[in-house]
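Novice: Have a look at the structure that comes next, please.
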Amino acid sequence: GDSVTQMEGPVTLSEEAFLTINCTYTATGYPSLFWYVQYPGEGLQLLLKATKADDKGSNKGFEATYRKETTSFHLEKGSVQVSDSAVYFCALSPGGGSNYKLTFGKGTLLTVNP
Amino acid sequence: GAVVSQHPSRVICKSGTSVKIECRSLDFQATTMFWYRQFPKQSLMLMATSNEGSKATYEQGVEKDKFLINHASLTLSTLTVTSAHPEDSSFYICSARDPAGVNSPLHFGNGTRLTVT
Numbered sequence: 014g015d016s017v018t019q020m021e022g023p024v025t026l027s028e029e030a031f032l033t034i035n036c037t038y039t040a041t042g043y044p045s046l047f048w049y050v051q052y053p054g055e056g057l058q059l060l061l062k063a064t065k066a067d068d069k070g071s072n073k074g075f076e077a078t079y080r081k082e083t084t085s086f087h088l089e090k091g092s093v094q095v096s097d098s099a100v101y102f103c104a105l106s107p108g109g110g111s112n113y114k115l116t117f118g119k120g121t122l123l124t125v126n127p
Numbered sequence: 335g336a337v338v339s340q341h342p343s344r345v346i347c348k349s350g351t352s353v354k355i356e357c358r359s360l361d362f363q364a365t366t367m368f369w370y371r372q373f374p375k376q377s378l379m380l381m382a383t384s385n386e387g388s389k390a391t392y393e394q395g396v397e398k399d400k401f402l403i404n405h406a407s408l409t410l411s412t413l414t415v416t417s418a419h420p421e422d423s424s425f426y427i428c429s430a431r432d433p434a435g436v437n438s439p440l441h442f443g444n445g446t447r448l449t450v451t
């Protein structure tokens with residue numbers, strides 16, 4: 014079945030540092046890929062997504078590129094802020110229009126110190 | 335933006351009792367809602383898909399008589415953990431699909447921390 018493997022945390026960075034959270038997936042067909050973020054005490058929010066190979070999703074300075082050849086969707090940000098401290102989840106949904114049944118990675122806790 | 339409200343946020347109950355968790359879509363009609371369970375340091379695992387006006391579809395390995403799901407209206411789905419046991423202690427999260435949403439297919443509640451003593 015489908016699965017998502019993401020970098021285990023926790024990850025601790027200083028403000029303005031470069032961030033990479035690795036995510037790889039296993040799926041049949043052509044899944045859509047997502048990054049969700051969960052701030053303390055809140056629900057999951059969609060951060061960015063990509064629906065086909067070589068697409069780049071971006072939002073709030075975060076980027077991730079759908080790499081079919083390496084089955085990866087790594088999350089990057091050039092300069093993190095304290096407000097980026099949260100748990101980040103990589104997820105996929107199967108292709109074929111079922112764009113809502115999500116398979117999640119375990120989540121990566123990011124802490125950014127001032 | 336679209337909001338999903340989940341209640342309660344935390345609940346502690348005694349073994350053998352039942353607990354009901356509510357999930358409401360506040361500003362959209364959710365024909366489909368999803369219930370997830372998250373163990374510490376584990377992924378969110380889909381438990382069931384709740385469709386308004388019909389029976390829920392459960393994922394393999396999830397006991398439907400244990401986890402009762404009702405989706406009686408377009409804005410409310412409930413999950414009842416029946417005869418709870420300590421191993422049911424977990425973080426339960428609901429999500430709702432906004433049919434009109436283009437960029438965000440799912441909206442999530444804040445989750446419910448269930449502790450069974």
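The listed protein sequences correspond, in order, to chains A and B. All residue numbers for the first sequence refer to this note's numbering, where the first residue is 14 and numbers rise by one. All residue numbers for the second sequence refer to this note's numbering, where the first residue is 335 and numbers rise by one. Just so you know, even glycine gets a beta-carbon here, dropped at the ideal spot from N, CA and C. Keep in mind that this is a model prediction, so the values were computed, not measured.
#1: Who are the near neighbours of H419/B in its chain, counting only those whose CB is closer than 7 Å to its CB and skipping five residues on each side?
#2: Is DSSP giving S423/B helix, strand or coil here?
#3: Do you know how far the Cα of V17/A is from the Cα of T39/A?
#4: Check the Cβ of K375/B against every Cβ in chain A and list those closer than 9 Å, keeping chain order.
#5: Within 8 Å of any Cβ in chain B, is that where the Cβ of K114/A sits?
#6: So, does the CB of L57/A fall closer than 8 Å to a CB anywhere in chain B?
#7: For S71/A, which of helix, strand or coil comes out of DSSP?
#8: If we call anything under 8 Å between Cβ atoms a contact, is F75/A one with L46/A?
#9: Just curious, the beta strand (DSSP E) that V95/A is in, first and last residue?
#10: Under 8 Å between beta-carbons, which chain A residues line up against F425/B? List them in chain order, please.
#11: Can you tell me the Cα-Cα spacing of E21/A and L32/A, whole angstroms?
#12: At a Cβ threshold of 8 Å, is G54/A touching chain B?
#13: I want to know whether the segment 115–123 of chain A touches the segment 368–379 of chain B - three or more CB-CB distances under 8 Å.
Specialist: In short, the structure shows the following:
#1: As a position in the second sequence, residue 419/B is number 85, starting the count at 1. S349, V450.
#2: By one-based count along the second sequence, residue 423/B stands at place 89. Reduced to three states, the DSSP call for S423/B is coil.
#3: Residue 39/A sits at position 26 when you count from the first residue of the first sequence. Residue 17/A sits at position 4 when you count from the first residue of the first sequence. Spanning the two alpha carbons is a distance of roughly 6 Å.
#4: In the second sequence, the residue the question calls residue 375/B occupies position 41. Residues of chain A passing the Cβ test: E21, K119, G120.
#5: Your numbering for residue 114/A matches position 101 in the first sequence. Output row for K114/A: interface = yes.
#6: Locating residue 57/A in the first sequence gives position 44, where the first residue counts as 1. Yes, because at least one Cβ of chain B sits closer than 8 Å to the Cβ of L57/A.
#7: Taking the first sequence and counting its residues from 1, the one referred to as residue 71/A is at position 58. Of the three classes helix, strand and coil, the one that applies to S71/A here is strand, per DSSP.
#8: Position 62 of the first sequence, counted from the start, is the residue given in the question as residue 75/A. Position 33 of the first sequence, counted from the start, is the residue given in the question as residue 46/A. Against a cut-off of 8 Å, the Cβ pair of L46/A and F75/A comes out as no contact.
#9: Indexing the first sequence from 1 puts residue 95/A at position 82. Segment: none, V95/A is in no beta strand (DSSP E) and carries neither H nor E.
#10: As a working mapping, residue 425/B is identified with position 91 in the second sequence. The premise fails here: F425/B is roughly 11 Å from chain A at the closest Cβ pair, so nothing lies under 8 Å.
#11: Residue 21/A sits at position 8 when you count from the first residue of the first sequence. Residue 32/A sits at position 19 when you count from the first residue of the first sequence. Computed Cα separation, rounded: 14 Å.
#12: Indexing the first sequence from 1 puts residue 54/A at position 41. Yes, its Cβ sits closer than 8 Å to a Cβ of chain B.
#13: yes
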